[in-house]
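Presented below is the structure to which this report refers.
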Amino acid sequence: MMNRLGHCRPRLWPCRRFEAAAITVLLLLAIKLLWIWGSHKQRNVTIIVITPTHKRPERLADMTRFSQTLSHIDNLHWIVIEDGTSKVAAVERILIRSGLRYVYFTATTEPGFPKRGWTHRNVALRYIRRHYKDYGRGAVVYFADDDNSYDVRLFNNYIRNVKAVGIWAVGLAGSALVEAPHVINGTITAWDVVYAPKRRFATDMAGFAINLELILQFDSAQFSRACIKTVPESCFLEQFNITKESCEAFGYDDEPKEILVWHTKTKNIGTRGEKHGYVIE
1 MMNRLGHCRP RLWPCRRFEA AAITVLLLLA IKLLWIWGSH KQRNVTIIVI
51 TPTHKRPERL ADMTRFSQTL SHIDNLHWIV IEDGTSKVAA VERILIRSGL
101 RYVYFTATTE PGFPKRGWTH RNVALRYIRR HYKDYGRGAV VYFADDDNSY
151 DVRLFNNYIR NVKAVGIWAV GLAGSALVEA PHVINGTITA WDVVYAPKRR
201 FATDMAGFAI NLELILQFDS AQFSRACIKT VPESCFLEQF NITKESCEAF
251 GYDDEPKEIL VWHTKTKNIG TRGEKHGYVI E
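Residues in the sequence shown are numbered from 1 upward in steps of one, following full-length UniProt numbering.
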């Protein structure tokens, strides 16, 4: 019962139960709104993918597969760098069909640099620093070769959540079944790798991502000539004034511990014959 002023009379439990129920509903609504806000904020982080590519018979198959993986990822910008002096129409058609926001341009290997995408990644980094310097939104940069195998969870669960530098396991990297950071109590303490375990950052190119803020802050970091006689991934990461302990490890405490990126390589097994009018390199 209510008095004339609309207040509950003492010891009237139905009224109190109504108030408690109303408070509970409001709390649940607030929690839901907070979850929606956090989910939207996460999706609002842009993933910038850098992919060097070069002409080879299996390239169009690789790019088709990769583009259809990326097409499942929201808010992704794809930077594709062709090794050469002219763009390839078949590659551009794949990019258009993907429906992704992309930029596609050319670059040739700088004299004295390895022919393994070093120059092309540097060109992409310069593009990012020029066009994203006033981006004003969260973004993460990831180097993704066109012939690796990627789980969509890599982008949404790992890359999009990188606050500074994130590192995770890569399957079939080098001669190892898997290369991964060794994590104790959430901190990277060493590297579970076969090749050169004493590297400061013993990770594969597919095994890390960097927040855009660091890319812009350390504007001279690149795959430089000083890296030529070393391992490119470690040499590059060392330029950001970080330690392995300060990096964010992903996937180490998942159950089961699944690998979300594989360093696969398509290989020409000696194809021969005519094209018969089909588009193939």
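Ideal placement from N, C-alpha and C gives every residue a C-beta, glycine not left out. The structure presented is a predicted model; accordingly, all values stated were derived computationally and were not measured.
{"Query": "Distance CB(S234)-CB(R200) smaller than 8 angstroms", "Result": "yes"}
{"Query": "Alpha-carbon spacing of H40 relative to M63, whole angstroms", "Result": "With a pLDDT of 48 at H40, under the threshold of 50, the modelled position of that residue is not reliable, and the figure given next carries that caveat. Taking the straight line from one Cα to the other gives about 29 angstroms."}
{"Query": "Whole-Å CB distance - L237 paired with V170, under 8 angstroms assumed", "Result": "Going by Cβ atoms, the distance from L237 to V170 rounds to 15 angstroms, so no, they are not a contact pair."}
{"Query": "Secondary structure of P181, DSSP reduced to three states", "Result": "strand"}
{"Query": "Check whether P52 and I81 have beta carbons under 8 angstroms apart", "Result": "yes"}
{"Query": "Rounded separation between K163 and R137 - CA only", "Result": "13 angstroms"}
{"Query": "Contact between the region 171–179 and the region 128–143 (3+ Cβ pairs under 8 angstroms)", "Result": "no"}
{"Query": "D204 beta carbon less than 8 angstroms from that of E179", "Result": "yes"}
{"Query": "Buried or exposed (CB count within 10 angstroms, at least 16 for buried), D147", "Result": "buried"}
{"Query": "Nearest to I280 (by Cα), restricted to the options A61, V49, K267", "Result": "A61"}
{"Query": "Inter-residue Cα distance where the pair is T271 and S98", "Result": "27 angstroms"}
{"Query": "Integer-rounded CB distance, given that V49 should sit under 8 angstroms from R160", "Result": "Rounded, the Cβ-Cβ distance is 12 angstroms, inconsistent with contact."}
{"Query": "W168 - DSSP class collapsed to helix/strand/coil", "Result": "coil"}
{"Query": "N- and C-terminal bounds of the alpha helix (DSSP H) containing A124", "Result": "118–131"}
{"Query": "Proximity to residue 369 [Cα-Cα], best of F143, F105, D254, D151", "Result": "Nothing can be reported for residue 369, as the shown portion of the chain is limited to 1 through 281."}
{"Query": "C-beta contact flag for T119 and T106 at 8 angstroms", "Result": "no"}
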